[in-house]
Structure formats: C-alpha cells, structure tokens
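Numbered by the working numbering, the letters in the sequence shown go through residues 48 to 418 in order.
For each residue, glycine too, the CB sits at the ideal point set by N, CA and C.
Here the structure is laid out as structure tokens; the discussion comes afterwards.
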Amino acid sequence: MLYQIKEEKILLEESKPLKLEKQLQSLLMESGETDGTLQSPKYLREDIFGTKLLIIGKEVYTKDKKRSDILCLDENGDAVIIEIKKEYARLGIETQALQYLADVSSYVGKDFVERYKNDYEFSDLFEEHICSFLGWSEISENLNRNQAIFLVANDFDKVVYSIGDWLFSKNVSFKCLSYYTYEINNRQFIDFTIKFEKTIARSNYLDFTQKSKKRRNIFYFNIGIKEQLKWERMIRENFISCGFDGVKGDRGYKILNSFYPGDKLVCYLSGKGVVGICEIPHDSFENKNIQETENKHYSFSDETLDSWGSFHKHKLRINWLRYVESIDNAIKSNVLKDRFNLYHPIQTLQAFPNEKAYKTIFDEFEILTRQ
48 MLYQIKEEKI LLEESKPLKL EKQLQSLLME SGETDGTLQS PKYLREDIFG TKLLIIGKEV
108 YTKDKKRSDI LCLDENGDAV IIEIKKEYAR LGIETQALQY LADVSSYVGK DFVERYKNDY
168 EFSDLFEEHI CSFLGWSEIS ENLNRNQAIF LVANDFDKVV YSIGDWLFSK NVSFKCLSYY
228 TYEINNRQFI DFTIKFEKTI ARSNYLDFTQ KSKKRRNIFY FNIGIKEQLK WERMIRENFI
288 SCGFDGVKGD RGYKILNSFY PGDKLVCYLS GKGVVGICEI PHDSFENKNI QETENKHYSF
348 SDETLDSWGS FHKHKLRINW LRYVESIDNA IKSNVLKDRF NLYHPIQTLQ AFPNEKAYKT
408 IFDEFEILTR Q
C-alpha cells in the first residue's frame, strides 16, 4: 500500500495497477551501456537481477520446439534461463523452465557457441562477444558447465519455492522476482522484489587456471567518447568518466568507486583501439577497507558548473601512465587480436584477460601505436 507524506502525516495515495506485459521484456533490459558500435551486445538490468547477464536470445526454441522467454550468460559463463509470467506464477512455470534447462545443459564449450549463435542478434560476433564478456582469450570447455533459472511474475505460489530448494540441492541456482506496476497522478511506476533466491557461489573459471588466485588489478575500461577534443581534456585534467543513469548509486557510480589503489586500466575507445593506460592513485581512500566507500577522487559533474556533466555525470581522477596524443594513433583492434589474441571490450569495465600481454603493451606502447 502506498502512502504520501504530507505535513508530517501520511495519506493513502490512490494507485491503480497497470498492464505492461508487452513492455516487460524491454523494461528488464539494461540501457546506458554500449561498446560504441551499432552491434553492441545487450544485457539485462543488473540492478534488478543482481548480476550481469549477457542476452543470448529472446524466445529461444529447444530441440523439442519449446520456447524460453530469454536465454542469458552470467559472468561465470553459466547459462541463465529467464521465464516471465504475466500474472501469478503457479506450479507449472518451473516445469517449463526445467524443460528448457534439460535442453540448454546438453551444450557446453564450443557446442554451446554452435548451438546458439544463430539465436544471437549478431551471430558473426557471438564467440567474440562471449570471450570479451567473460575475459577469456578463447572459448573454454567450462562454458555452460552450470545453469540457473530466474522466474519473473506478479507473485508466486509457495510450491514454486519448494522446487527452488530442490534445484539448489542439485547445484542449480534459482531465483524468483516479483513485479508490481502502478500509476499515480498519470505517472507510471514498476517495482521489483526478490521473493526467493538460492544461488550457487561460483568464480569465473578463468581464475582456476591461474597460479595465483589474488584479486585481479588490471582492467579494460571503455572510455565511451568519440571526439578528439574530449580525449585531450581527459589527458590534460587526468580523469576518466562514466554515464549510465546519471545519478549517484547507478552502475557508472559503482564502477568508478570499485577500483583499488594501484589498479591499472587499459583504456579503449570503440572504433579506434587502446588509447592509454592509467593507474588509480594510491591515496584514493583513507583506509584499506574501501568496500562501500567513495573514492576521494570521485566527483559528480553538475552540468550547470561543468559542461562535461551533460555528457557523463561520473568522473574519477587518475594518473596517466601511457597515452596517445591523437585518438587516430590508438593501438588498433587487429593488432591486439593478431598479436595477443585479445578481443575488444564490450562492457564499460571488464577484467583484462592476459597479464603478460598487458606488460608487453605497456613496455612497447609507442611501437604498437605505429602498427
């Protein structure tokens, strides 16, 4: 029930449910993140699902002609089946999801790529987008070794949760999200709530192939600009920036406040290549416990005071270690692929997949910009 606070009293605010079934899929999709090309991958909203999900396809058919609403990959390389119920979810919705699970789970590694590449919006880039999303240099046989089921509905029969407990015991993550739509004073709202969640904790399989399991401190960062003049200002004033929803607490804010002192960022400009390498200042935080703490070099750009705010609201001061004066002199994508087997980043931030390649790029930066 909704209440309006007015003059230290609460008043019941009249609201009425809305029917947004046709728009629900699009409402679940993330906006504001792109690799800067017309063939940018699509994601589901991380703030709704609690994890980053790359959309493989919508209305994907199984070999038995069953159709799942949305098929995704999470950042561990596991398939996630999304089923959307336009109303109350009773016993049966999870049975549908189990049928899809049985089909999807039979494809791993390269077989998964071959099976679903034609369902992907940009089929020719499917393998490249997967590798870039996961921070892999090539498709691993660990791709889709595990699966998850996420259900979305107005509300759920409690029996569905019992099935979720059973699936969790079988190493399948299970999540139920309820939504409620309403209208107040001709303004439309939608609210999402996690009603049930049993999630298997996993780490990206790439970490298990490394000798050291220490936290990664080298990242790809997509700087999201196009103009030479913007790049010159970023160099001159020693900062990087993010957009997204343009409010504190959104994904852009979280990205720029997620770094540790000394982290290195390989800065990429879509359509050009690597334009620079920067470092997070060592005095970014007052103490070592930086979780839930704002970087002291972070700033929120008010467009009335700073013209940059009309482009990206979130800014972070950094130290440039390497950079090109002109964006046209970037280390080209084909050089990165041919020499280091590196794919270009498809997210604003993702782990840099090859520490050895980073060291070579750092040491030979000027040489590589001329190739």
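Where the beta strand (DSSP E) containing residue i begins and where it ends
| i | result |
| --- | --- |
| residue 271 | Where residue 271 is concerned, there is no enclosing beta strand (DSSP E), given that its DSSP letter is neither H nor E. |
| residue 126 | 126 to 131 |
| residue 358 | Premise fails: residue 358 is in no beta strand (DSSP E) and is neither H nor E. |
| residue 398 | 396 to 398 |
| residue 242 | 234 to 245 |
| residue 101 | 100 to 108 |
| residue 198 | 194 to 200 |
| residue 96 | From DSSP, residue 96 is part of no beta strand (DSSP E) but of the alpha helix (DSSP H) over 93 to 96. |
| residue 347 | 345 to 347 |
| residue 187 | Residue 187 -> no beta strand (DSSP E), and no H or E assigned at all. |
Beta-carbon spacing of residue i, residue j below 9 Å
| i | j | result |
| --- | --- | --- |
| residue 267 | residue 325 | no |
| residue 178 | residue 405 | no |
| residue 394 | residue 180 | yes |
| residue 91 | residue 71 | no |
| residue 347 | residue 224 | no |
| residue 456 | residue 229 | Here the chain has residues from 48 to 418 only, and residue 456 is not among them. |
| residue 124 | residue 400 | no |
| residue 196 | residue 145 | yes |
| residue 342 | residue 363 | yes |
| residue 159 | residue 126 | yes |
| residue 320 | residue 382 | yes |
| residue 191 | residue 247 | no |
| residue 270 | residue 361 | no |
| residue 285 | residue 210 | no |
| residue 94 | residue 297 | yes |
| residue 186 | residue 157 | yes |
Simplified DSSP state of residue i, which is helix, strand or coil
| i | result |
| --- | --- |
| residue 144 | helix |
| residue 368 | strand |
| residue 149 | helix |
| residue 310 | coil |
| residue 75 | helix |
| residue 382 | helix |
| residue 315 | strand |
| residue 115 | strand |
| residue 211 | helix |
| residue 321 | strand |
| residue 222 | strand |
| residue 204 | coil |
| residue 416 | helix |
| residue 120 | strand |
| residue 179 | helix |
| residue 173 | helix |
| residue 266 | strand |
| residue 288 | strand |
| residue 230 | strand |
Exposed unless 16 or more other CB atoms sit within 10 angstroms - verdict on residue i
| i | result |
| --- | --- |
| residue 340 | exposed |
| residue 278 | buried |
| residue 294 | exposed |
| residue 129 | buried |
| residue 217 | exposed |
| residue 213 | exposed |
| residue 231 | exposed |
| residue 205 | exposed |
| residue 241 | exposed |
| residue 188 | exposed |
| residue 414 | exposed |
| residue 408 | buried |
| residue 416 | buried |
| residue 89 | buried |
Length of the line joining the Cα atoms of residue i and residue j
| i | j | result |
| --- | --- | --- |
| residue 280 | residue 316 | 15 Å |
| residue 114 | residue 100 | 19 Å |
| residue 256 | residue 322 | With a pLDDT of only 38 at residue 256, under 50, the local geometry of the prediction cannot be trusted, and no value is derived from it. |
| residue 198 | residue 142 | 11 Å |
| residue 253 | residue 311 | Bear in mind that a pLDDT of 41 at residue 253, under 50, signals an unreliable position, so the model cannot answer this. |
| residue 299 | residue 287 | 11 Å |
| residue 283 | residue 372 | 10 Å |
| residue 358 | residue 274 | 12 Å |
| residue 313 | residue 265 | 7 Å |
| residue 168 | residue 132 | 24 Å |
| residue 109 | residue 344 | 50 Å |
| residue 272 | residue 327 | 20 Å |
| residue 402 | residue 202 | 46 Å |
| residue 318 | residue 397 | 18 Å |
| residue 306 | residue 292 | 20 Å |
Endpoints, alpha helix (DSSP H) assigned at residue i
| i | result |
| --- | --- |
| residue 161 | 157 to 163 |
| residue 407 | 402 to 410 |
| residue 298 | 298 to 303 |
| residue 332 | Element bounds for residue 332: n/a, residue is neither H nor E. |
Interface flag, residue i vs chain B, CB-CB below 9 Å
| i | result |
| --- | --- |
| residue 125 | Here there is only one protein chain, and chain B is not present. |
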